[in-house]
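Top line first, the protein sequences correspond to chains A and B. The first sequence begins at 14 in my numbering and counts up by one. The second sequence begins at 187 in my numbering and counts up by one.
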Amino acid sequence: MLKLPVYLDNNATTPMDPRVLETMIPYFTEHFGNAASRNHPFGWEAEEAVDYAREQVAKLIGADPKEIIFTSGATEGDNLGIKGVYEMYAQKGNHIITANTEHKAVLDTCKHIEKSGGEVTYLSVQEDGLIDLKDLEAAIKPTTILIAIMYANNEIGVIQPVKEIAAIAKKHGVLFFTDATQAVGKIPVDVIKDGIDLMTFTGHKMYGPKGIGALYVRRKNPRVKVTAQMDGGGHERGMRSGTLNVPGIVGFGKACELCRLEMDQDTVRISKLRDKLETALLKLDEAYVNGNREHRLPHVSNISFKYVEGEGLLMGFNKNIALSSGSACTSASLEPSYVLKALGLGDDLAHSSLRFGLSRFTTEEQIDYTIEQISTTVLKLREMSPLWEMFKEGIDMNSIEWAHH
Amino acid sequence: MAYSEKVIDHYSNPKNVGTLDKASKNVGTGLVGAPECGDVMRLQIEVDDATGIIKDAKFKTFGCGSAIASSSLATEWLKGKSIDVAATIDNMDIVEELNLPPVKIHCSVLAEDAIKAAINDYRKKNGLEELVFEEKGVH
């Protein structure tokens, strides 16, 4: 029996795995101690739980537990990683290189740094969403202290050439930070093999709780330090003060462990479903996948349906299917997705896109239902679209002088 | 974003979707908006020459639910009105009828523009002077 609504917006957030919730519960009312309480069993238990979780998190990404700083999420990790490096390495330089398709948490942090006198280069991406490595290397100068490029994009799922970026960074003695929020737990991420110096990720994108994440900060080759952005009791090796969210951390640890153990089999199943969905929807005329299809997360698909507007499209089924048109963070504005614009998409295609994010809990029945609903709605809206009619008549819409309001 | 019931109704059961023969002398066509803005409306009216009454109205819209509803509602209101009365339809009437939130008011403005554009197209074709409409302030 298909339960509605169907949730396919897993890039925005994921449901918690019930097994994760189970591990967290004792830490709310039973083992509720503050992990920093050194002097009694309540504190010791909490500390032990945190240590264990720290190992679980570290294991998922190939790091040492000492290299994990717990944060309130990826946004905080972006702030701490980028501002933290900027402040710590101020003597060395003040130039940061990033890309124009980064998450707002990175872009806004960089804007803040520019206001404080720092210099930021925002690289353009190619049409498929990938960074041009030559552009990256050319942008490096003596004052460059950090390259910040996301592992995988939240809107189109494109995976950047992380190993190559890391190699370029290393070659020039520049630190490499990556926002891996969409990648960790979904594809193999190894900070040693990938050559990453700092990395942020969060629990709620991998079937864990909201409000908890981690920043990986490398300790060897080279030893990296960040200036704390939250001052207080000196927690997390002085890099992030604040009482630890013990239940959140416990859940996050469990979520990481489950991903590490189940990622491979999940991926096989989920990518098949994603491909089924994509293949079926591409059968509709004038439907296009946005972003590189080869270097892409296995559970993501971003498709534009030309001549049909995205919000109007969503309205056809959003009571029954949860999706987004563009990222959740940009949906409050009337602007089309800046990530899609960065790919060179015309406004009309950017306005016409749907983002699908599948999960461990997505079933084939849900996908079949989605295919049917979306196809029906696209066809219905095309019947109502003056642009579709013009297209069918062979009118070149670029030649029309639109009466702008 | 919660849509009003009326918007949802117009979206699910749009009134008067279609195309009139734009070459015909009795038909006025208004095409407003732009693909870059995510809103394009085409509103057409068929006018009875003898009486000046709008006999039929059709629309097609590329846009969100509120845009579709605004143009659908417009076609309903146009049928049976004289072109002079139709020219007085104000976007705020549409906003009130559909309960449009502030962020969607521009959809109603576009619908009003479409109505006026269709009327002027008809007038032009029939040797009547085109009406001059005051530029609406930005809402």
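Glycine residues also receive a C-beta, built at the ideal position from the N, C-alpha and C atoms.
- With a cutoff of 8 Å on beta-carbon distance, residue 199 of chain A and residue 310 of chain A are scored as near each other.
- Residues 201 of the same chain have their beta carbon placed closer than 6 Å to that of residue 262 of chain B, with the five preceding and five following residues left out of the count.
- The three-state secondary structure of residue 62 of chain A, taken from DSSP, is helix.
- In this structure, residue 171 of chain A lies near residue 308 of chain A, with their beta-carbon atoms less than 8 Å apart.
- Per DSSP, residue 368 of chain A is one residue of the beta strand (DSSP E) stretching across 366 to 370.
- Under the Cβ distance rule, residue 213 of chain B does not count among the residues neighbouring chain A, no pair being separated by less than 8 Å.
- Per the C-alpha coordinates, the member of A:279, A:44, A:120 positioned closest to residue 160 of chain A is A:120.
- Every beta strand (DSSP E) stretch that sits fully inside the segment 206 to 252 of chain A and reaches 3 residues is listed by chain position as 211 to 215, 226 to 230.
- A contact is defined here as three or more CB-CB pairs under 8 Å, and the segment 58 to 76 of chain A fails this definition with respect to the segment 96 to 104 of chain A.
- Residue 408 of chain A counts as exposed, since fewer than 16 other beta carbons sit within 10 angstroms of its beta carbon.
- Fully enclosed alpha helix (DSSP H) runs of no fewer than 4 residues occupy 251 to 264, 269 to 272, 277 to 284 of the segment 203 to 287 of chain B, in order along the chain.
- For residue 136 of chain A, the closest C-alpha among the options A:66, A:115, A:404, A:125 is that of A:115.
- Residue-level contact check: residue 248 of chain B touches chain A, since one or more beta carbons of chain A fall below 8 Å from its beta carbon.
- Contact between the segment 141 to 148 of chain A and the segment 358 to 372 of chain A is absent: fewer than three C-beta pairs spanning the two stretches fall below 8 Å.
- Taking a cut-off of 8 Å on C-beta distances, the segment 29 to 42 of chain A touches the segment 247 to 260 of chain A, as three or more cross pairs fall below it.
- For residue 309 of chain B, not one C-beta of chain A is nearer than 8 Å to its own C-beta.
- In the structure shown, the three-state DSSP call for residue 283 of chain A is helix.
- The beta carbon of residue 279 of chain A is closer than 7 Å to those of 373 in its chain, skipping five residues each way along the sequence.
- Secondary structure at residue 188 of chain A: strand, using DSSP grouped into helix, strand and coil.
- If you draw a 10 Å sphere on the C-beta of residue 318 of chain B, you find fewer than 16 other C-beta atoms in it, and that means exposed.
- A straight line joining the alpha-carbon of residue 162 of chain A with that of residue 175 of chain A spans about 8 Å.
- 217, 218, 219, 220, 221, 222, 223, 224, 225, 226, 227, 228: these are the residues of the segment 207 to 235 of chain B whose beta carbon lies less than 8 Å from some beta carbon of chain A, given in chain order.
- Within chain B, 248 have C-beta atoms less than 7 Å from the C-beta of residue 320 of chain A, given in sequence order.
- Taking one beta carbon from each stretch, the segment 222 to 242 of chain B and the segment 275 to 282 of chain B have fewer than 3 pairs nearer than 8 Å; the two do not touch.
- Check the Cα spacing between residue 250 of chain B and each of A:394, A:306, A:85, A:211: the tightest is with A:394.
- Distance from the CA atom of residue 284 of chain B to the CA atom of residue 297 of chain B, rounded to whole angstroms, is 13 Å.
- Boundaries of the beta strand (DSSP E) around residue 157 of chain A: 157 to 161.
- 8 Å or more divides the Cβ of residue 241 of chain A from the Cβ of residue 231 of chain A.
- When 7 Å is used as the limit between beta carbons, residue 364 of chain A is near these residues of chain B: 224, in chain order.
- A distance below 8 Å separates the beta carbons of residue 391 of chain A and residue 321 of chain A.
- With a 10 Å radius around the Cβ and a threshold of 16 neighbouring Cβ atoms, residue 257 of chain B comes out buried.
- Residue-level contact check: residue 399 of chain A touches chain B, since one or more beta carbons of chain B fall below 8 Å from its beta carbon.
- Counting only the Cα atoms, residue 304 of chain B lies some 11 Å from residue 212 of chain B.
- It is roughly 13 Å from the alpha-carbon of residue 221 of chain A to the alpha-carbon of residue 25 of chain A.
- Taken through DSSP and simplified to helix, strand or coil, residue 25 of chain A comes out as coil.
- In this structure residue 241 of chain B is exposed. Its beta-carbon is surrounded by fewer than 16 other beta-carbon atoms within 10 angstroms.
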